[in-house]
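Trainee: Here it is: the structure, laid out below.
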Amino acid sequence: MLAIDDKDLGTPERKSDKLISLEVDGRTVEVPEGTSVMRAAALADIWIPKLCASDLLEAFGSCRLCLVEIEGRNGLPASCTTLAEPGMRVRTQSQRLTKLRRNVMELYMSDHPLDPFECKAGGKCELHKMAQAVGLDHVRYSSSGRNHLTLPVDNSNPYFTFDPTRCILCSRCIRACDERQGTYALTIDGRGFNSVISPGQHQHYSESECVSCGACVQLCPTDALMEKSVLETGPAERAVITTCGYCGVGCSFKAELRGDQVVRMVPNKNGLPNFGHSCVKGRFAWGYATHPDRVRTPMIRKRISDPWQEVSWEEALRYAASELKRVQAKYGRGSIGGITSSRCTNEEAYLVQKLVRAGFGNNNVDTCARVCHSPTGYGLKAALGTPAGTQDFDSVRASDVIMVIGANPTEGHPVFASIMKRRLREGAHLIVVDPRRIELVRMPHVEADYFLQLKPGTNVALLNAMSHVVVTEGLAKEDFIRERCDVREYEMWREFIVQKRNSPESVEQTTGVPAESIRGAARLYAKGPNSAIYYGLGVTEHSQGTTAVLAMVNLAMVTGNLGRAGVGINPLRGQNNVQGSNDVGSFPHEYTGYRHVSDPQVRAAFEREWGVKLDPEPGLRIPNMFDAALDGSFKGLYVEGEDIAQSDPNSQHVAEALAAMEIVIVHDIFLNETSKYAHVFLPGSSFLEKDGTFTNAERRISRVRKVLPPLAGMEDWEVTCALARAFGYPMNYSHPSEIMDELARLTPIFAGVSYGKLERLGSVQWPCNDDAPDGTAVMHVGQFVRGKGRFMLTEYIPTEERTSPRYPLILTTGRVLTQYNVGTQTRRTKNVTWYAEDRLEIHPHDAEQRGIRDNDWVEVSSRAGSIVLRAEITDRMQPGVVYTTFHYPETGANVVTTENSDWATNCPEYKVTAVQVLPTTRRPERRVPEPAHHAEMSHQ
Amino acid sequence: MILSADTHEQIRKEISYFPQARGALLGALHLALRERGRFDRETFAEIGQFFGMRSGEVAEVASFYSLFNQPRARAIFQVCTNLPCCLRGARAIVRDLERRLGIKAGTATSDGRFAIQEVECLGSCATAPVVQVNLNPYLENVTTDYLATILDTPEKALSARRPGPMISTVPPGVNGYLLPPDGEKWLTLEDYKRNGGYQAIVKASQMSPKEIVALVRDSGLRGRGGAGFVTGMKWSFMPPPDGGPRYLAVNADESEPGTFKDRQIMERNPHLFLEGIMISSMAIEASAAFIYIRGEYVEAYELVRKAIEECYEAGILGERALGFNRRFDIHIQRGAGAYICGEESGMLESMEGKKGQPRKRPPFPATRGLWNRPTTVDNCETVSHVPSIILNGADWFKAEGAKNSSGHALFGVSGHVKRPGIFELRLGVSLRDLIYKYAGGLEEGRTVKAVIPGGISMPVIRGDQIDVAVDHESLRSVNSLLGTAGAIVMDDRTCIVRVALVAARFFDHESCGQCTQCREGTGWIYHTLRRIEAGEGVARDLEVLADCCNFMDGKCICALADGASWSARAFLTQFRDDFEAHIAAGKCPFPESFEV
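These protein sequence lines map, in sequence, to chains A and B. Here the first sequence is numbered in this note's numbering, starting from 424 and rising by one per residue. Here the second sequence is numbered in this note's numbering, starting from 4 and rising by one per residue.
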């Protein structure tokens, strides 16, 4: 079923410089070479009947409704599979065609209820619409023949139903699953009239390999596949375009509404970066927004041991502001601070940091990116000049070699993974670097050329070895280096990298990867011609996170893989707005656009705009805030949309720090771990309840639009404004667009951004300014932003976290498709159907040694603490390494993680913890079902 | 691991033959079925591992092919119930089996020992009725008495052998070049060479590819697979070599009911077939050839396989293939019971390990065929003409046939004739001669009511139209087509509604299901005819049928719907009286007609 108002041009867009002119029903239309007759007609506003065609799928030509007459051609070609040719004259309507189409529809309806009132899709059923359009009013075939009208309905998926009696075998669902999602879960069983759609192998949807991306439901032309929410609420009446609030892919969605109820979320086919595709979270798991756990009234309490007391907004804000002022008066200007959220909008993050810098008068602001991608920002800025990914997501479609390192896109970034898998099926080569055999290594129609299953914490050694191969085997792109990079630094780096300690043979022991594999992968990557690196927290959340980012830059530069489509270094960011919150000045040392607070010129501009003197000294980072709290010098904190008590490493230390503060203000949609230590709780608004913008991992700024009124009456940005005013710093905006205008005035990379432009273009990638008025898809074209690219020495230094006889295994962490981070949202949806607890994955060998059987309860202990969960024995793991997800806070994965962190950015080393795993009779302490939060740490 | 190490080894070996592993998928399914006797989820999953496919995808492919979807039993009696067999009593065979085993066709005995399955044409129309037990050699000219003797145990049924007589012949006065002399089979390399084999390729190797193409084009050779396209012309569509692989895909998926000629070549003169493939490949500069043999043809498969092995041993194929001065390979793929895989693009899909669903054209196979590379698809008989053309020249070939229909053909005659068989004759022989002179005429006192001249997809003609030459041009004059030159003859007792019903059931069974008109239309034609045949028809049914036909031909991806509609429409127009009488009487007005 199409989303409201979506026109479907029938076949996908083709790009070509060569234009072809043809005539359709007397109208002349010009289209790029390779365009179908059907699409050409649609572009001339002539809509040829169709059922199996969609512009989201390759032409299939099976419904035979779209046949047309073409002058000088025999027969009736299908307009979807016939390509436009110069001078072609096409007739889409004639008596013959009308009769033919009516006959086709009659055949369809001979095995389908004719009465449109029986149709669950209401007025949106393409089949009934088409029957009407061709004037079919009765069916001559007797109903006594064979039919499919008694097949059972499959209700097994929590979010949609499949009613095979309504299926017309157009194969759109199957093609969606294959072409768009790349899961290959749906098939047609049988042949001819006996064909039936079959998930998996005669299985129910829920038992099949279906990942519930929703593409099949979206593309079903009838009511065979229907969202349960639509069946419950009725068809939508209107739609609002907005941006998904889950991961850093930042998919564009249409929120479809009936009255003021959300009927469904459906990917916006005209929106970037997802081109109408979605995953189970964005598509279906939005029910948390109206979950009964949502807090609807502000609350305060004097002591954290007191019960919460519901109060008015005025009272809550007055109390919060007065406490902040009291603390500041007592302990000094630097004794309070704030934390911005990567889940909130750019405008909201901007206001929080503005409140801290201009209102509190210090720079004690930080953000959750600290614990995920801070090394990305630091490393990429230092080497190339911009702390962000170099490409747009679509760039992967031009890649010949794709290297995925420390990321698990099919689970963590599923929509981007679908685009990537499509490219891989087209023949691009794949290198996977991961301690765990992730799905991409071998899945239907995708297989990695090289799977380098390294030991956790050895990324730098491996990346160095790859560069070593490139340089020593003469594969370096010397021209590129001479032209684009700092040659003196290159020479120094070259001297470093060719040393024997960096050779694959030398690091074989360290990394656990055979030297020949490293060599092979390096050669493949160097050969390209377009090689791209995609990485995640498996790179950054290490003591050498920043070094690894720099090592990737070295590898990309030495092979010339930067500055054009299909190449680059691309962080897969965990949270919807982690890029944006960084961009808008959430770090203690940087204003918006990554400019140091000590820069007098920049500071002067902010002082002018904000009307106050600003502190030239960088403020406290999150871990420093905690340390200072325990020292007694940091006493008040405003936390917007982040559950620091949950997601920061070494939970115990954080809890003590929070308990030591005198005023903790939590601004969130649910009560959470942190709010246990809070004195003021300000109810937040979900992404459906406010206006603003998110910036995804490819620097794309997309609009978030208010779909529902805020449950607690105020959008988050309004709350921060009100808090600022109560604190005594005036903040008056009538709409988030004014906040963006201010941001644009103050920030060169955003200079050209405005809501007006976003309205016009749909979205825009920064930098967007006079030089790039429509934004920038690929960075560093021609030259690096900083001028010359920098090769930096990336000596491998093993983490201090080592295995020992007491802690002989390494624990690393990750996530699954259906859950999001610590589960605050997804656990309040039916996604729990698929994943109800965290498990410890362990290699059969390690399990056997310890007498652990599948499903046994085990205790995982580290130097920091211990947790209990169930074991899953799998050879996805290598011996010596165990793995768990962290979606269930009661499991407390962060209880065991240590305080080690990245040398440059303090990003915690979540990915390497030495542990012991033993069978146990202990059971996890079932804390009250977690009242979590809407902003959690990405710790993918 | 469910499958044995040996099967794994064989699957890996199969995979090594193909540019993309998946080409071996049907082969792997055959191997697994042979070992396990059935499929289950785990087996599909294990096979999927070889090809990077989900078990569901493997199951989907398997579900498309009849041979992979038989009732589960140790011995499956597959009784051909298509027209030529039905005309000669197949229904009685089924009924007798049903009675003796106490089960219905399409089911298995509760002890899992036996099953009965009605199947479409097995390509043995001259020895009808025909039964195949699992994938064993056919039991030909079966009788109920004979079947009664092999029903004791599944083992007995599986080991039963009942070969029919040699039914192909070169009638006196014809210089046969496709078939060996009557009574002979040239199965070995030695036989073939002794009779002048592998000389044409030596001669061809002295010609340039373009010269071979030109010679074959000038000879007027037209494809013998049904469509009759000029072979040399088709070859000339191949783009110039670009250094990459290019293929000859040879269609030996003979499944058109009434057609059983390719089998005669493969079973009596396999090396001729191979030499034809080699010269054709030389002409189109193919790097390899793949033969697609229908799954039921186990003997043909074995004989061609052995012939290929011999060629490899003798160095005729392989590293420096005879006449090629380079590597040249021939591999066989086996079909698995799907008529649509005889359609050229359906065959290509099947060869790539997919469901045999025809492709949209363009692109045509010459541009993008097997594995997206330039490919020519030729029929088994077609390529078998080529060696003689090389040796004797274009003029000779033209002289051996009729106008615009050069050369010999293997004419099949089945149905109500005394001596059904395959006759190697010049194109242009009269249909009357074919029936009366060569096939021995009809039983005493019977007359010809109808003839389907070229396989069941071709329009039927009336008995008073048989004074027509059997060639491309002449049959058009009676609104029919040469097709595969397999004539099905029906005598005056025959009920044409039943004939139409059998034909319609075939198309319904074989429609791949892609196009709406074909998927639904073949079904409605079949069901409407079934109602009429059962005496429940109404006058309006004939209109609906005609309408249904009119909206099928020329409007689908492939020609299956064309055949289905041509066939039905011709029955309706040529024998409208039979239909009307049926509807009027509320039952079959031909008491002596064959049963369906």
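Beta carbons: idealized from backbone N, C-alpha and C, even for Gly.
Looking at the strands, I want to know which residues DSSP matches up with N993/A.
Mentor: As a position in the first sequence, residue 993/A is number 570, starting the count at 1. Bridge partners of N993/A: Y957/A.
Trainee: Would a C-beta distance cut-off of 7 Å place S797/A and T1343/A closer than the cut-off?
Mentor: Here residue 797/A is taken as the residue at index 374 of the first sequence, counted from 1. Here residue 1343/A is taken as the residue at index 920 of the first sequence, counted from 1. Contact: no.
Trainee: Going by DSSP, what residue range makes up the beta strand (DSSP E) through A252/B?
Mentor: Translated into positions along the second sequence, residue 252/B becomes position 249. A252/B -> beta strand (DSSP E) spans 250 to 255.
Trainee: For E17/B and A292/B, what's the separation of their Cα atoms in angstroms?
Mentor: Position 14 of the second sequence holds residue 17/B. Position 289 of the second sequence holds residue 292/B. For E17/B and A292/B, the distance between alpha carbons rounds to 15 Å.
Trainee: Does F240/B pass the burial test, meaning 16 or more other C-beta atoms within 10 Å, or should it be called exposed?
Mentor: As a first step, residue 240/B must be located in the second sequence, where it is residue number 237. Burial call: exposed.
Trainee: So P87/B and S460/B are supposed to be a Cβ contact under 8 Å. How far apart are they, rounded?
Mentor: The count along the second sequence starts at 1 and reaches residue 87/B at position 84. The count along the second sequence starts at 1 and reaches residue 460/B at position 457. Actually they do not touch by this definition, with Cβ atoms about 14 Å apart.
Trainee: Would you list, in sequence order, the uninterrupted alpha helix (DSSP H) runs of no fewer than 4 residues that lie entirely inside the region 331 to 416 of chain B?
Mentor: Qualifying alpha helix (DSSP H) stretches, in chain order: 347 to 354, 383 to 395, 397 to 402.
Trainee: Is the region 645 to 661 of chain A touching the region 1091 to 1099 of chain A in the sense that three or more CB pairs, one from each, lie closer than 8 Å?
Mentor: Segments in contact, no.
Trainee: Measuring alpha carbon to alpha carbon, tell me which residue in P455/A, G449/A, D448/A, T434/A is nearest D440/A.
Mentor: The residue given as residue 440/A occupies position 17 in the first sequence. That would be P455/A, whose Cα lies nearest to the Cα of D440/A.
Trainee: Take every Cβ of the region 131 to 141 of chain B, pair it with every Cβ of the region 85 to 99 of chain B, and state whether three or more of those distances are shorter than 8 Å.
Mentor: Cβ pair count under 8 Å is three or more, so yes.
Trainee: Could you tell me the distance, in whole angstroms, from the CA atom of R15/B to the CA atom of F21/B?
Mentor: For this step, residue 15/B is matched to residue 12 along the second sequence. For this step, residue 21/B is matched to residue 18 along the second sequence. Using only the alpha carbons, I get a separation of about 11 Å.
Trainee: I need the straight-line Cα distance from H367/A to S1109/A, nearest angstrom please.
Mentor: Outside the shown range of chain A, which is 424 to 1363, sits residue 367/A, and nothing can be said about it.
Trainee: Would you call S1227/A buried or exposed, if buried means 16 or more other Cβ atoms sit within 10 Å of its Cβ?
Mentor: For the purposes of this step, residue 1227/A is identified with residue 804 of the first sequence, where counting begins at 1. Answer is exposed; the Cβ neighbour count stays below 16.
Trainee: Can you confirm whether H1362/A, when its beta carbon is compared against all beta carbons of chain B, has any partner nearer than 7 Å?
Mentor: For this step, residue 1362/A is matched to residue 939 along the first sequence. The predicted model places H1362/A with a pLDDT of 35, which falls under 50 and marks its position as unreliable; any figure quoted below should be read in that light. Chain B, which has no Cβ nearer than 7 Å to the Cβ of H1362/A, makes this no.
Trainee: Taking 7 Å as the CB-CB cut-off, is F53/B touching chain A?
Mentor: Locating residue 53/B in the second sequence gives position 50, counting from the first residue. No - not a single Cβ of chain A is within 7 Å of the one on F53/B.
Trainee: Using a Cβ-Cβ distance cut-off of 7 Å, determine whether V827/A contacts chain B.
Mentor: As a position in the first sequence, residue 827/A is number 404, starting the count at 1. No, its Cβ sits nowhere closer than 7 Å to a Cβ of chain B.
Trainee: So for R1123/A, helix, strand or coil by DSSP?
Mentor: One-based indexing of the first sequence puts residue 1123/A at position 700. DSSP places R1123/A in strand when its eight states are reduced to three.
Trainee: Does G372/B have its Cβ less than 7 Å from a Cβ in chain A?
Mentor: Within the second sequence, residue 372/B is the residue found at index 369, counting from 1. No, no contact with chain A.
Trainee: Could you check if G318/B is buried or exposed, using at least 16 other CB atoms within 10 Å of its CB as the buried criterion?
Mentor: Residue numbering aside, residue 318/B sits at position 315 when the second sequence is read from its first letter. With fewer than 16 Cβ atoms within 10 Å of its Cβ, G318/B is classed as exposed.
Trainee: Ignore the nearest five residues each way along the sequence and tell me which others in A163/B's own chain have a CB closer than 7 Å to its CB.
Mentor: Stepping through the second sequence from its first residue, residue 163/B is reached at position 160. Here the set comprises V136, L142, I153.
Trainee: Give me, in chain order, the residues of the same chain whose beta-carbon lies closer than 8 Å to that of S596/B; leave out the 5 immediate sequence neighbours on both sides.
Mentor: Working through the second sequence from its first residue, we reach residue 596/B at position 593. Here the set comprises R496, T497, C498, R501.
Trainee: Quick check: the Cα distance between F510/B and V838/A, rounded to an integer number of angstroms?
Mentor: Position 507 of the second sequence, counted from the first residue, corresponds to residue 510/B. Position 415 of the first sequence, counted from the first residue, corresponds to residue 838/A. Each residue's alpha carbon lies about 42 Å from the other.
Trainee: When you compare the CB of V233/B with every CB in chain A, is at least one pair closer than 7 Å?
Mentor: On the second sequence, residue 233/B is found 230 positions in, with the first residue counted as 1. Cβ-Cβ to chain A under 7 Å: no for V233/B.
Trainee: Just how far apart, CA to CA, sit G1179/A and W1140/A?
Mentor: As a working note, residue 1179/A is residue 756 in the first sequence. As a working note, residue 1140/A is residue 717 in the first sequence. So the two alpha carbons sit approximately 20 Å from each other.
Trainee: Name, please, each residue of chain A whose Cβ falls closer than 7 Å to the Cβ of A27/B.
Mentor: On the second sequence, residue 27/B is found 24 positions in, with the first residue counted as 1. None at all; the shortest Cβ gap to chain A is about 16 Å.
Trainee: Taking Cβ to Cβ, would you say P858/A is nearer than 7 Å to A888/A?
Mentor: The sequence position of residue 858/A within the first sequence is 435, counting from 1. The sequence position of residue 888/A within the first sequence is 465, counting from 1. It is not a contact, given that the beta carbons lie outside the stated cut-off.
Trainee: Measure how close the beta-carbons of C1364/A and P539/A come, nearest whole angstrom, since I'm counting them as under 8 Å.
Mentor: Outside the shown range of chain A, which is 424 to 1363, sits residue 1364/A, and nothing can be said about it.
Trainee: Kindly provide the ranges of any alpha helix (DSSP H) runs that are 4 or more residues long and lie completely inside the region 537 to 594 of chain B, ordered along the chain.
Mentor: 543 to 553, 563 to 577, 579 to 588, all fully within the region 537 to 594 of chain B.
Trainee: Identify, in the order they occur along the chain, each residue of the same chain with its Cβ nearer than 6 Å to the Cβ of L695/A, setting aside the five sequence neighbours on each side.
Mentor: Within the first sequence, residue 695/A is the residue found at index 272, counting from 1. The residues are S1186.
Trainee: Give me the Cα-Cα distance between Y948/A and G897/A, rounded to the nearest whole angstrom.
Mentor: Taking the first residue of the first sequence as position 1, residue 948/A is located at position 525. Taking the first residue of the first sequence as position 1, residue 897/A is located at position 474. Whole-angstrom Cα-Cα distance: 13 Å.
Trainee: Under 8 Å Cβ to Cβ from R1346/A, same chain only, skipping five residues before and after it: list those, please.
Mentor: Position 923 of the first sequence holds residue 1346/A. Taken in chain order, the residues that qualify are W1280, V1291.
Trainee: Any beta-carbon of chain B closer than 7 Å to the one on N526/A?
Mentor: Here residue 526/A corresponds to residue number 103 of the first sequence, with the count starting at 1. Output row for N526/A: interface = yes.
Trainee: Are the C-beta of D612/A and some C-beta of chain B separated by less than 7 Å?
Mentor: In the first sequence, the residue the question calls residue 612/A occupies position 189. At least one chain B Cβ lies under 7 Å of D612/A.
Trainee: Can you tell me the Cβ-Cβ gap for I438/B and G444/B, rounded? I've got them flagged as a contact below 8 Å.
Mentor: Stepping through the second sequence from its first residue, residue 438/B is reached at position 435. Stepping through the second sequence from its first residue, residue 444/B is reached at position 441. Right, their Cβ atoms sit about 7 Å apart.
Trainee: Expressed to the nearest angstrom, what Euclidean distance is found between the alpha-carbon atoms of W569/B and L474/A?
Mentor: Your numbering for residue 569/B matches position 566 in the second sequence. Your numbering for residue 474/A matches position 51 in the first sequence. For W569/B and L474/A, the distance between alpha carbons rounds to 27 Å.
Trainee: Give me the Cβ distance between K651/A and Y564/A, rounded to the nearest whole Å; I'm assuming they're in contact under 8 Å.
Mentor: Mapped onto the first sequence, residue 651/A falls at position 228. Mapped onto the first sequence, residue 564/A falls at position 141. Going by Cβ atoms, the distance from K651/A to Y564/A rounds to 33 Å, so no, they are not a contact pair.
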